[in-house]
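Positions 97 to 343 (our numbering) are the ones given, in order, by the sequence shown. For glycine and all other residues, C-beta sits at the position ideal for the given N, C-alpha and C.
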Amino acid sequence: MKFSGKNVLITGASKSIGAEIAKVLAEYGLKVWINYRSRPELADALKQEIESEGGKAATICFDATDEAAFVEAIALIVESDGELAYLVNNAGVTNDKLALRMKTEDFVNVIDANLKSCFIGCREALKVMSKQRMGSVVNIASIVGERGNAGQTNYAASKGGMIAMSKSFAYEGASRNVRFNCVTPGFIQTDMTEVLKDEIKEYYIQNIPLGRFGHAKEIAQSVAFLLSDSSSYITGEVLKVNGGLYM
Ligand code: NAP
97 MKFSGKNVLI
107 TGASKSIGAE
117 IAKVLAEYGL
127 KVWINYRSRP
137 ELADALKQEI
147 ESEGGKAATI
157 CFDATDEAAF
167 VEAIALIVES
177 DGELAYLVNN
187 AGVTNDKLAL
197 RMKTEDFVNV
207 IDANLKSCFI
217 GCREALKVMS
227 KQRMGSVVNI
237 ASIVGERGNA
247 GQTNYAASKG
257 GMIAMSKSFA
267 YEGASRNVRF
277 NCVTPGFIQT
287 DMTEVLKDEI
297 KEYYIQNIPL
307 GRFGHAKEIA
317 QSVAFLLSDS
327 SSYITGEVLK
337 VNGGLYM
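Spelled out as structure tokens, the structure:
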């Protein structure tokens with residue numbers, strides 16, 4: 097795959113899916129900006145791993161829900177590299193409980209963490225990428241944003257919102273050659289799914305046509321495709337990476 101741009105910012109990239117995205121994009125020759133908000137040691141170790149393989153990486157600390165910090169981070173990257181070619185809005189959280197027991201603040205906090213942070217990133221990227229007349233953004237939504245899930249009304253609303261919002265950004269960015277797409281992972285083996293009860297994991301494995309959970313690298317490869325020149329005529333799309341669980 098070819099990339100016309102040179103760098104990428106990945107939010108929540110110090111571990112799990114974000115870290116795999118950083119590794120894969122570095123293998124394709126991009127300079128990766130690894131965002132983290134806690135555990136700097138993980139971000140530093142990832143940077144070193146990428147550099148030891150001959151890749152280019154930098155770490156950048158900010159909370160993606162903090163508008164001023166996110167805006168400042170993008171300005172710093174543009175000042176440092178002269179561009180921001182690609183953005184992956186990957187940072188996300190869950191706070192699962194049945195709706196009848198969910199407090200409004202449980203709902204709003206997940207919307208802020210997942211949807212608001214993604215909005216800030218998309219808007220700031222669009223400003224920079226419009227001037228460049230090129231850029232590509234991939235938002236990591238979820239299968240849950242497509243089909244809903246008991247116990248996840250907050251998370252489903254945030255991820256469904258990301259999908260609709262990405263399509264709206266795709267309309268606004270198209271005339272400037274700025275593309276916005278989503279990847280919707282199914283069940284991927286990470287810390288986020290590790291906490292699920294064994295019976296829930298077993299239920300899903302039995303219902304996934306490909307018969308297994310996905311690997312973070314499989315999400316990363318899809319992200320690379322949607323950022324790259326190989327998908328230059330694709331915008332406003334939602335790429336399901338779920339082993340066939342939801343077609
Ligand atoms: P994870 O292992 O929990 O990692 C999430 C990362 O996001 C963590 O590094 C976390 O940092 C970071 N993060 C969260 N909020 C942040 C914020 N406000 N600012 C900066 N960083 C923040 O989750 P994952 O499984 O890799 O998930 C990555 C993305 O894929 C998420 O958007 C998730 O919703 C989506 N997804 C995952 C699955 C799955 O099966 N795993 C399925 C569908 C969608 P801290 O360590 O500091 O909290």
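Could you give the distance in angstroms between the alpha-carbon of residue i and the alpha-carbon of residue j?
| i | j | result |
| --- | --- | --- |
| N245 | G151 | 39 Å |
| G257 | Y329 | 23 Å |
| R229 | V104 | 16 Å |
| I173 | V334 | 27 Å |
| M97 | D202 | 41 Å |
| S254 | E175 | 31 Å |
| G310 | N338 | 7 Å |
| V128 | K297 | 33 Å |
| S148 | K336 | 32 Å |
| D177 | G241 | 34 Å |
| G340 | A237 | 16 Å |
| S318 | L126 | 16 Å |
| S232 | I170 | 15 Å |
| S327 | V279 | 13 Å |
| F166 | T200 | 25 Å |
| R219 | S271 | 15 Å |
| K102 | F158 | 22 Å |
| R197 | N205 | 15 Å |
| E168 | D162 | 10 Å |
| Y300 | T289 | 11 Å |
| I106 | T286 | 17 Å |
| A221 | Y267 | 14 Å |
| S134 | P281 | 24 Å |
Within 10 angstroms of its Cβ, does residue i collect 16 or more other Cβ (buried), or is it exposed?
| i | result |
| --- | --- |
| I113 | buried |
| P305 | exposed |
| I315 | buried |
| P136 | exposed |
| G269 | buried |
| S110 | buried |
| V291 | exposed |
| V274 | buried |
| S213 | buried |
| G307 | exposed |
| A164 | exposed |
| A260 | exposed |
Opposite residue i in the DSSP bridges: which residues?
| i | result |
| --- | --- |
| F276 | V233 |
| C157 | Y132 |
| K152 | K127 |
| L335 | V279 |
| Y342 | Answer is none; Y342 lacks a bridge partner. |
| Y182 | V104 and S232 |
| G310 | I284 |
Our contact map puts residue i next to residue j with C-beta atoms below 8 Å; I'd like the distance itself, whole angstroms only.
| i | j | result |
| --- | --- | --- |
| F276 | F265 | 4 Å |
| N262 | G332 | Per the sequence shown, residue 262 should be read as Ser rather than Asn. Their Cβ separation, rounded to whole angstroms, is 7 Å, which keeps S262 and G332 in contact under 8 Å. |
| L323 | V234 | 6 Å |
| F99 | D325 | 6 Å |
| L121 | A312 | 13 Å between Cβ atoms; not a contact. |
| Y342 | I239 | 5 Å |
| A139 | I146 | Rounded, the Cβ-Cβ distance is 11 Å, inconsistent with contact. |
| A160 | G108 | 7 Å |
| I130 | K143 | 6 Å |
| Y132 | T155 | 7 Å |
### Task
Inspect the CB distances between the segment 219–228 and the segment 114–122 and report whether three or more fall short of 8 Å.
no
### Message
With three or more beta-carbon pairs closer than 8 Å as the criterion, would you say the segment 182–194 touches the segment 206–216?
### Response
yes
### Task
Please confirm if the segment 236–252 is in contact with the segment 191–198, defined as three or more CB-CB distances below 8 Å between the two stretches.
yes
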